[in-house]
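Peer 1: Let me begin by handing over the structure; questions about it come next.
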Amino acid sequence: MKTIAFFNNKGGVGKTSLVYHLSWMYADLGLNVIAADLDPQANLTSMFLEDERLEEVWSDNGHEQTVYGAFRPLLDGTGDVAAPHVEDISPGLGLVVGDLALGNAEDELSGQWPDCLDRKPRAFRVLSGLWRILMAAGKSVEADLVLIDVGPNLGALNRAALVAAQDVVIPLAPDLYSMQGLRNLGPTLRRWRAEWEERLERRPGSIVDLALPGGEMHPAGYVVLQPAVRLDRPVKAYGRWMGRIPDEYRLSVLGESGSLQVTTKPDPNSLATLKHYRSLMPLAQEARKPIFSLKPADGAFGGHTAAVRDCYNDFRKLASHIAARSGLAMP
Ligand SMILES: Nc1ncnc2c1ncn2[C@@H]1O[C@H](COP(=O)(O)OP(=O)(O)OP(=O)(O)O)[C@@H](O)[C@H]1O
Ligand SMILES: [Mg+2]
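Numbering follows the numbering used here, with no gaps: position 301 of the sequence shown is 301.
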């Protein structure tokens, strides 16, 4: 079972939309998929679930069916992680339901991180909690793949979520903020990887039987989200930033050396440059379907028909690229 996180500390670069569409696509291609919403904003969950269902899973005395519910006994100190609920979305696609309350785990995850170095068993239980929840969810549906959505920050919750990921896909936008974001993101990922490795070496003997994540966080590549074309304000800088992404990624994320150069050659680390699908995205959200499954009855008629078909091909290609980069076997 592969675990792939979609991560960028820069917000609004299309992480959640990517996880949503790729989850449907991989399921369509015949894989058993878990979409895991580890962002306390829970946007992925609200893309998948109808409002009535959201009300049920997020009711006041609820949480039992969310990722927070599975984590809570461990955070409260009343037990270990509970068996997670997997929301059945469609054949081959299940959701680990997000929860605003997951933000409550931030302090505990932050506090327990140094305690791993003191070889405290509870610290290892807490830091591996999210990973163990995802593994249990995956196992319960014999998943081939877990796609993880996280929020846009470099906090302790995301560190634990990333420790749970074998591969990381980095969505970004061709602009100054994304470029600066990569300069924080790259070194942070490398530091988290090294620090988790250091902690694994200090695992206490009393928890030899506790399964722990490897914390590989292997950068699988980046996906560029094209800006919406605005007729009133052409995006002049677009080409310039596009040209700078390959070297910035190589230097900041892969930690390779060399000076920054502008290049026009195809970049092996580029997984896709995704179109801005404009009005199709709100249509998809309204219909609670991926863009590539929209029908005329959903409002996708006329010129939209070709765009829907192109979208299917774009995501199919992207799914294959990610699979190839992360060693995921496709049916
Ligand atoms: N390819 C696309 N075409 C059109 N709109 C898109 C596309 N990708 C994302 N969007 C829109 O851009 C906005 C931000 O996307 P999304 O929520 O996926 O980003 P995010 O990186 O998950 O944000 P956050 O950092 O807040 O979690 C949303 O309104 C979404 O509908
Ligand atoms: Mg998001």
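Built from N, CA and C at the ideal position, the CB exists for glycine as well.
Can you round the beta-carbon distance between residue 300 and residue 308 to whole angstroms, since I take them to be within the 8 Å contact cut?
Peer 2: As a first step, residue 300 is located in the sequence shown; it is residue number 300 there, counting from the start. As a first step, residue 308 is located in the sequence shown; it is residue number 308 there, counting from the start. Their Cβ separation, rounded to whole angstroms, is 5 Å, which keeps residue 300 and residue 308 in contact under 8 Å.
Peer 1: With DSSP as the reference, label residue 87 as helix, strand or coil.
Peer 2: To locate residue 87, count along the sequence shown from 1; it is residue 87. Note: residue 87 maps to strand in three-state DSSP.
Peer 1: Alpha carbons only, please: which of 253, 29, 239, 161 is nearest the one belonging to residue 229?
Peer 2: Counting from 1 along the sequence shown, the entry for residue 229 is found at position 229. Of the candidates 253, 29, 239, 161, the one whose C-alpha sits nearest the C-alpha of residue 229 is 239.
Peer 1: Helix, strand or coil: how does DSSP classify residue 367 here?
Peer 2: The structure shown does not extend to residue 367, since the chain is modelled only from 1 through 331, so no value can be given for it.
Peer 1: Is it buried or exposed for residue 168, if we count other Cβ within 10 angstroms and need 16 for buried?
Peer 2: Position 168 of the sequence shown, counted from the first residue, corresponds to residue 168. Burial call: buried.
Peer 1: Drop a sphere of 10 angstroms on the beta-carbon of residue 99, count the other beta-carbons inside from all chains shown, and report buried for 16 or more, exposed for fewer.
Peer 2: As a position in the sequence shown, residue 99 is number 99, starting the count at 1. Residue 99 is buried by the Cβ-count criterion.
Peer 1: Would you kindly check if the distance between the Cβ of residue 91 and the Cβ of residue 207 is under 7 Å?
Peer 2: Walking along the sequence shown from the start, residue 207 turns up at place 207. Walking along the sequence shown from the start, residue 91 turns up at place 91. No. Outside cutoff.
Peer 1: Mind checking whether residue 23 and residue 35 have CB atoms under 7 Å apart?
Peer 2: As a working note, residue 23 is residue 23 in the sequence shown. As a working note, residue 35 is residue 35 in the sequence shown. Yes, the Cβ-Cβ distance between residue 23 and residue 35 is below 7 Å.
Peer 1: Would you identify the three-state DSSP class for residue 218, choosing helix, strand or coil?
Peer 2: By one-based count along the sequence shown, residue 218 stands at place 218. Looking at residue 218 - three-state DSSP - the assignment turns out to be strand.
Peer 1: If we require 3 or more residues per run, which beta strand (DSSP E) segments fall completely within the segment 53-133?
Peer 2: 87-90, 93-96
Peer 1: Kindly examine ligand 3 and report whether one of its heavy atoms sits closer than 6 Å to the Cβ of residue 229.
Peer 2: Of the ligands one can find in the structure shown, namely ligand 1 and ligand 2, none is ligand 3.
Peer 1: When a residue counts only if its C-beta is closer than 5 Å to some heavy atom of ligand 2, which residues count, in chain order?
Peer 2: 15, 16, 43
Peer 1: Measuring from the CB of residue 242, is there a heavy atom of ligand 1 at a distance below 6 Å?
Peer 2: By one-based count along the sequence shown, residue 242 stands at place 242. Residue 242: no, Cβ never under 6 Å from ligand 1.
Peer 1: Run the CB neighbour count on residue 153, radius 10 Å, all protein chains shown included, and call it buried at 16 or more, exposed below.
Peer 2: As a working mapping, residue 153 is identified with position 153 in the sequence shown. Exposed, because fewer than 16 other Cβ atoms sit within 10 Å of the Cβ of residue 153.
Peer 1: For residue 297, report the span of its alpha helix (DSSP H) as first-last.
Peer 2: The sequence position of residue 297 within the sequence shown is 297, counting from 1. Element bounds for residue 297: n/a, residue is neither H nor E.
Peer 1: Give the secondary structure of residue 167 by DSSP, where H, G and I count as helix, E and B as strand, and everything else as coil.
Peer 2: Stepping through the sequence shown from its first residue, residue 167 is reached at position 167. Of the three classes helix, strand and coil, the one that applies to residue 167 here is strand, per DSSP.
Peer 1: Taking residue 148 and residue 6 to be in contact with their CB atoms under 8 Å, please state how far apart those CB atoms are, rounded to whole angstroms.
Peer 2: Here residue 148 is taken as the residue at index 148 of the sequence shown, counted from 1. Here residue 6 is taken as the residue at index 6 of the sequence shown, counted from 1. 7 Å between Cβ atoms; contact.
Peer 1: Let me know the secondary structure DSSP gives residue 274 once reduced to three states.
Peer 2: Reading the sequence shown from its first residue, position 274 is the one you call residue 274. Reduced to three states, the DSSP call for residue 274 is strand.
Peer 1: With residue 322 as the anchor, note down where its alpha helix (DSSP H) starts and where it stops.
Peer 2: Locating residue 322 in the sequence shown gives position 322, where the first residue counts as 1. Residue 322 -> alpha helix (DSSP H) spans 304-326.
Peer 1: Using only the alpha-carbon positions, how far apart do residue 52 and residue 84 sit?
Peer 2: Start at 1 with the first residue of the sequence shown, and residue 52 comes out as number 52. Start at 1 with the first residue of the sequence shown, and residue 84 comes out as number 84. About 21 Å.
Peer 1: Since residue 36 sits in a beta bridge, which residues does DSSP pair it with?
Peer 2: As a first step, residue 36 is located in the sequence shown; it is residue number 36 there, counting from the start. Residue 36 is bridged to 96, 148.
Peer 1: According to DSSP, which residues form a beta bridge with residue 2?
Peer 2: Here the question's residue 2 lines up with position 2 in the sequence shown. The partner list for residue 2 (beta bridge, DSSP) reads 145.
Peer 1: Apart from the five residues on each side of it in sequence, which residues of its chain come closer than 7 Å, Cβ to Cβ, to residue 3?
Peer 2: In the sequence shown, counting from the first residue as 1, residue 3 sits at position 3. 134, 146, 148, 164, 165, 166.
Peer 1: Taking the alpha helix (DSSP H) that residue 186 belongs to, which residues open and close that run?
Peer 2: Within the sequence shown, numbered from 1, the residue matching residue 186 stands at position 186. It spans 176-200 - the alpha helix (DSSP H) in which residue 186 sits, taken as one unbroken run.
Peer 1: Looking at the secondary structure, which residues open and close the alpha helix (DSSP H) in which residue 15 lies?
Peer 2: Numbered from its first residue, the sequence shown carries residue 15 at position 15. Here the alpha helix (DSSP H) through residue 15 covers 15-28.
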